[in-house]
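Respectively, the protein sequence lines represent chains A, B and C. Quick note on numbering: the first sequence equals residues 5 to 292 in this note's numbering. Quick note on numbering: the second sequence equals residues 252 to 553 in this note's numbering. Quick note on numbering: the third sequence equals residues 71 to 496 in this note's numbering. Quick reminder that beta carbons are idealized off the backbone N, C-alpha and C, glycines included.
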Amino acid sequence: MLGAQPIGYLFAAPFVIYLVGIYAWPFFYSIYMSFFDYFFAAPGAVVERPFVGLANYAQALQDPLVHIAIRNVIIFLVINVPLTVAISMVLATALNAAIPFRSFFRAAYYIPYITASVAAVGIWLWLFSGFGLVDKILGPLAPKPSFLVNAFWAMPIIALYVTWKGLGFYILLYLAALQSIPKELYEAAKVDGASRIASFFAVTVPGLRSATLLVVITSVIVGANFFTEPYLLTGGGGPDNQSVSPVFLIYRFGIQQNHAGYAAAIGLLLAVGVLIISAVNRFVLERD
Amino acid sequence: MATAVTEKATGLPRTIEQRPQEHRGERGSMRWVRLIALAIGALVFIFPFYYMVVSALQKTPNPDLSGAFPNPSSLSFDNFVAIDRAISLGRTLLNSGLFTGGVLLGTLVFGALAGYALAQLHFRGRQAVFYAMILLLVLPFQLLMIPLYVLIARDFGLGDTLLGMILPYAINPMAVFIFRQFFLQLPPEMFEAARIDGASELAILTRVAAPLTRPAILTAALITFIGPWNEFLWPFLITKRLELEPLAVALANYISTVAQRAANPYGTILAGATVLAVPVVILFLIFQRQFVESSIGSGVKG
Amino acid sequence: MFSSRHGLLAAGVVLSLSLAACGGGNQPAAGSAKGAIKIWYSNNADEVKWGEAVVAAWNQSHSSEQVTGEQIPAGKSSEEVIGAAITAGTTPCLIFNTAPAAVPQFQKQAGLVNLSSFSDGSSYIEGRTGDGAKQYKSPNGNYYQMPWKSNPVMIFYNKDTFKKAGLDVNNPPLRTYDQFLSTAQAVVTTGKAKAAIWPSPTSEFYQPWFDFYPLFIAQTKGKQLVEKGEPQFDSADGLAVANFWKQLYAKGLAPKEAAQGDPFATGQSAMAIVGPWAIAVYGGKVNWGVAPVPTKDGMDVSSIHTFSDEKSIGMYSSCKNQGTAWDFLKFATNKDSDGKLLDLTGQMPMRSDLASNYSIYFSAHPEYKLFADQAGRTSEVPNVPNSVEMWQDFRGAYSKSVIFGNQSIDDAFKQAAAQIKTLVKS
């Protein structure tokens, strides 16, 4: 039967249609496209789009640019996840005490998160350009060529930028999670003679496990997803393609070069990758 | 994936403000260390914004440290005038507003309906919808932008239209999730009583459930607001005409193509960035209390 | 809700059907249909002036075939804007800003009308441009673009900076690579300019047109990047050009970072690679001089070729009244309209009789004469499949080896040549 309140179908219908239209249909359509040499043509035009089987996938797995993009996601995660977890956990713990100016601090940490990335990138472009403030302060220690055009530094700077921008959100997340750690655990640790730092590691860190899981999963999603940074901050995945991201490649291949089938294949490979990593994360971090 | 987290967090979102936890006596020195650390951290977070505004106000770019503390006489609104001439701020701000407003409307109306259905209405397939939603929360739709572009620009012919810009964001799944969590926490007996009184489901939602979940509505509205206002990639793909571009897209295009030829490119860019960032920051400061408190609970759950 | 969604779908279907009805490009009816049309022209101020004037002149005498002119949507590169408009079926009839490098892709998208299908199509194009028109033919032998105007690139230099470096400001040593390098070193040593020359070091596919390609064309006396399916840059000449640029980067005479503002206008660089448009742009700001691009051992000025930086006119398949569009295209490229273009923008109409036709103009504006002379010896980007991708690949190899020095030029060019060879075949 339909259930006790079939009107639920009507209420949920717009959302279901939305999910089907914006996610499910494009998902299946991109599977279809990925098997063809699909390209965008004028409406109604009769063009030949040959079936290519798995060729797009084979090409994607061999494409050096795709390898760089995947390497960059790994660099991103290696820098972003530990920094985010460590800094936001510590700052959240510090903010959780009765201290003056709490609302001010909280607002301060949150502001980068709510700022449009285009605006924030504008600031970083100014700060980190070769004649910018950061190079000026570092003086002779500044890398040559400067950060954003330096093949070694471009990607770490992007990772740092995203960490900086997102930290406020994770601090709030940890703050909320801290509320559900029973006070008694801290008291018990104190009775056992544990120092403040020891109880942080014995009580706080394990108590925040589910929030940490969320941080890691979100970082993977962001890592698979960033586009504005290589597009604007490093001027089109530069220097020398060293900061291309998967979504940036999808844009370059699919929209700029009109190899939509190939771009769709890359997108699908990545979507599957994200789902697998999320599942593995959950499994690893929630074992017990 | 997120459900696991969800099930662990129980109860209505708590207010952190009122329950600072570590009341254990601590020595004054520790307090100061903590405070100084927080202050340094805050400086790292806030300085770039201060620097953005100050640099936007400077007539000539000054990348030296002294540029951060300029002589008031060297300040002017020239850069704001220049960026307005380049990307007509009024028009693009309006576009950002329309885009954001459309998404808000869709999310609040259809998202609340869906959240209510998922929480309090019993119909077959409800679980399936819920799990589909959870799955999609971890699947970035950017990866599907090529087929989505075909669908919206080609099949629907909505390239360079407001509707085409709004559709992929029309109902924020995160907001639906928040609505569901809140409606779930209301006692089912209340709904049963209303049904026995003969109220329609729509009436129950609007007259009984909605007034009790104002924090959820506010949270959903604020989370949803940030998305389209700050979004770049999709509107960038779908709009080619300045008359339709939201400010974030127009500014990005200015950065990538026009700025190189400008007299004071960074000043102009930062003036645009200031105009883009300030409305959200002001909104945030106004709603800060509710936002922080209520988003946290749902955030952990989401 | 279901019903409204279906409504939307239905609207979509109807829309695509109606677009299909007027698209297609090969329908015989469209080729001669007359009526109102829409065109796009470039969005720089001078070309807008020209566009408005030509449209107004046409509309005065064609009340039933009115032309509406608009600036091409600004923002991203026009290639991307036009590509998206083709996909959406929203291109105007004519675009007076069609990049030859993008034509193969637009053609593949079925977005362009074959101009040779008009009875006087090929003859009109070749009659106006002469033999040079052949470079704009597509591999199938037809014209999908009308070569319109070129901006043959040359070296602009800042006379004040050169003077400070003790160089001859009227005839500076810029003929050979060695001369160019020592001149570059001299101007940077004075400290007056941060860089000798500052081409954009970023990765956009079109950047080679303003650093490597003009010098490559000069060095090879007019070769294109790819000829008859064979990449030409992996050769002694190509490597010589690349090594020349590499030295400029390695010695810090050309920066690896994008400039802040226009480096030549702001005096940050002493030289720039530019077309005749630069005369109007820099005229009041910089005390400039002009020289042809350098070659390895120096060549006679009259035999130096360069990159044309040409823009074509494309007719797009979404156009209903193609008869009017073709008539207007001829009107906009007749002797008067071309003269107006030269007068208003300083850009060179693609006419074989350029110098003789507008001798009055050139004697009144002698500074444009050199460019007009250079316009007779230009090469274009090759009209090959996957052209944009080819340039992107080339830029990748160039940037890695020449600008950043992370790979030997020999290896990078060899790999890129192999890659490009397969690309342009498909």
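Next item on the list: Compare the C-alpha of Ala-158 (chain C) against each of B:Pro-314, B:Thr-475, B:Leu-456, B:Thr-412 and name the closest.
Entry: Comparing Cα-Cα distances from Ala-158 (chain C) to each of B:Pro-314, B:Thr-475, B:Leu-456, B:Thr-412, the minimum goes to B:Thr-412.
Check: Does any residue of chain F bring its CB to less than 8 Å from the CB of Asn-346 (chain B)?
Finding: You won't find chain F in this structure, because its protein chains are A, B and C.
Next item on the list: Taking Leu-502 (chain B) and Ala-524 (chain B) to be in contact with their CB atoms under 8 Å, please state how far apart those CB atoms are, rounded to whole angstroms.
Entry: 7 Å
Notebook entry, point to check: Using the rule of at least 16 other Cβ atoms within 10 Å of the residue's Cβ for burial, across every protein chain shown, is Ala-115 (chain C) buried or exposed?
Noted result: exposed
Margin query: Tell me the rounded alpha-carbon separation between Thr-358 (chain B) and Met-303 (chain B).
Written below: 33 Å
Note to self: Since Lys-495 (chain C) and Gly-308 (chain C) should fall inside the 8 Å C-beta cutoff, what is the C-beta to C-beta distance between them, to a whole number of angstroms?
What the structure shows: In fact, because the Cβ distance is near 20 Å, the residues do not count as touching under 8 Å.
Check: Hey, out of B:Leu-395, B:Ala-337, B:Pro-312, whose CA is closest to Leu-137 (chain A)'s CA?
Finding: B:Pro-312
Next item on the list: Check the Cβ of Ser-203 (chain A) against every Cβ in chain C and list those closer than 8 Å, keeping chain order.
Entry: By Cβ distance, chain C contributes nothing, its closest Cβ being about 49 Å from Ser-203 (chain A), past 8 Å.
Next item on the list: Starting from the beta carbon of Ala-127 (chain C), find every residue of chain A whose beta carbon is closer than 8 Å, and list them in chain order.
Entry: Residues of chain A passing the Cβ test: none, with the nearest at roughly 31 Å.
Checklist line | Where Met-303 (chain B) meets chain A, residues with beta-carbon distance less than 7 Å | finding: Ile-127
Next item on the list: Given a cut-off of 8 Å, decide if Gln-215 (chain C) and Gly-384 (chain C) are closer than it, judged by their beta-carbon atoms.
Entry: yes
Checklist line | Spatially closest choice to Lys-491 (chain B) from B:Asn-504, B:Glu-482, B:Pro-479, by CA coordinates | finding: B:Asn-504
Check: Does any C-beta atom of chain C lie closer than 8 Å to the C-beta of Pro-234 (chain A)?
Finding: No, because no Cβ of chain C sits closer than 8 Å to the Cβ of Pro-234 (chain A).
Margin query: Any beta carbon from chain B within less than 8 Å of Val-278 (chain A)'s own beta carbon?
Written below: yes
Next item on the list: May I ask you to check if the CB of Tyr-190 (chain A) is nearer than 7 Å to at least one heavy atom of the ligand SAH?
Entry: You won't find the ligand SAH in this model; it holds no ligand whatsoever.
Check: Is it right to say Val-356 (chain C) is buried, meaning 16 or more other beta carbons lie within 10 angstroms of its own, or is it exposed?
Finding: In the assembly as shown, Val-356 (chain C) is a buried residue. Its beta-carbon has 16 or more other beta-carbons within 10 Å.
Notebook entry, point to check: Does Gly-93 (chain C) have its Cβ less than 8 Å from a Cβ in chain A?
Noted result: Reliability of the predicted coordinates at Gly-93 (chain C) is poor, the pLDDT of 39 falling under 50, and the value obtained from them is presented with this limitation in mind. With 8 Å as the cut-off, Gly-93 (chain C) counts as an interface residue toward chain A.
Next item on the list: Out of A:Val-276, A:Leu-273, A:Gln-261, A:Ala-269, state which residue places its alpha-carbon closest to the alpha-carbon of Pro-174 (chain C).
Entry: Distances from the CA of Pro-174 (chain C) to each of A:Val-276, A:Leu-273, A:Gln-261, A:Ala-269 were compared; the closest alpha carbon is that of A:Gln-261.
Check: Listing by chain order, which chain C residues have their CB less than 9 Å from the CB of Pro-54 (chain A)?
Finding: Going along chain C, no residue has its Cβ under 9 Å from Pro-54 (chain A), so there is no contact; the nearest lies around 10 Å.
Checklist line | the segment 354 to 372 of chain B / the segment 460 to 472 of chain B touching (three or more Cβ pairs under 8 Å) | finding: The segment 354 to 372 of chain B makes contact with the segment 460 to 472 of chain B, as at least three CB pairs between them are under 8 Å.
Item checked: Min CB distance Ser-273 (chain C) to chain A below 8 Å -> With a threshold of 8 Å between beta carbons, Ser-273 (chain C) makes contact with chain A.
Checklist line | Uninterrupted alpha helix (DSSP H) stretches inside the segment 350 to 397 of chain B (no shorter than 4 residues) | finding: Taking only runs of at least 4 residues, the alpha helix (DSSP H) segments lying wholly in the segment 350 to 397 of chain B are 363 to 371, 377 to 388.
Notebook entry, point to check: Looking at the C-beta of Gly-331 (chain C), does it have a partner C-beta in chain B at a distance below 8 Å?
Noted result: Closer than 8 Å: yes.
Next item on the list: Output the boundary residues of the beta strand (DSSP E) element that contains Asn-228 (chain C).
Entry: 224 to 228
Next item on the list: Go through the segment 80 to 135 of chain A residue by residue and report every complete run of the alpha helix (DSSP H) that reaches 4 residues or more, in order.
Entry: The segment 80 to 135 of chain A contains these whole alpha helix (DSSP H) runs: 106 to 118, 121 to 132.
Notebook entry, point to check: If you check the beta carbons only, do Pro-234 (chain A) and Phe-474 (chain C) fall under 8 Å apart?
Noted result: The Cβ atoms of Pro-234 (chain A) and Phe-474 (chain C) lie no closer than 8 Å to each other.
Margin query: Please identify the residue among C:Ser-112, C:Asn-113, C:Glu-122, C:Asp-480 whose C-alpha is closest to the C-alpha of Val-311 (chain C).
Written below: Checking every option, the nearest Cα to that of Val-311 (chain C) belongs to C:Asp-480.
Margin query: Let me see if you follow: with CB-CB separation under 8 Å, is Arg-342 (chain B) close to chain C or not?
Written below: no
Notebook entry, point to check: Since Arg-245 (chain C) and Gly-368 (chain C) are thought to touch, with beta carbons under 8 Å apart, how far apart are those beta carbons, to the nearest angstrom?
Noted result: Arg-245 (chain C) to Gly-368 (chain C), Cβ: 4 Å. Contact.
Next item on the list: Indicate whether at least one CB of chain B lies closer than 8 Å to the CB of Val-151 (chain C).
Entry: yes
Notebook entry, point to check: By the criterion of Cβ-Cβ separation under 7 Å, what are the contact partners of Gly-265 (chain A) in chain C?
Noted result: Per Cβ cutoff of 7 Å: no residues; Gly-265 (chain A) is ~13 Å from chain C at best.
Checklist line | Cβ-based neighbour list, Gln-63 (chain A), same chain, cut-off 7 Å, excluding 5 preceding and 5 following | finding: Correct list, in chain order: Tyr-266.
Margin query: Relative to the C-alpha of Cys-389 (chain C), which candidate in C:Pro-162, C:Gln-130, C:Pro-143 has its C-alpha closest?
Written below: C:Pro-162
Notebook entry, point to check: Below 8 Å, can you find three or more Cβ-Cβ pairs linking the segment 274 to 281 of chain C to the segment 348 to 355 of chain C?
Noted result: no
Note to self: Please list, in chain order, the chain B residues whose beta carbon lies closer than 8 Å to that of Leu-99 (chain A).
What the structure shows: Leu-289
Check: Span of the beta strand (DSSP E) holding Trp-358 (chain C)?
Finding: 358 to 361
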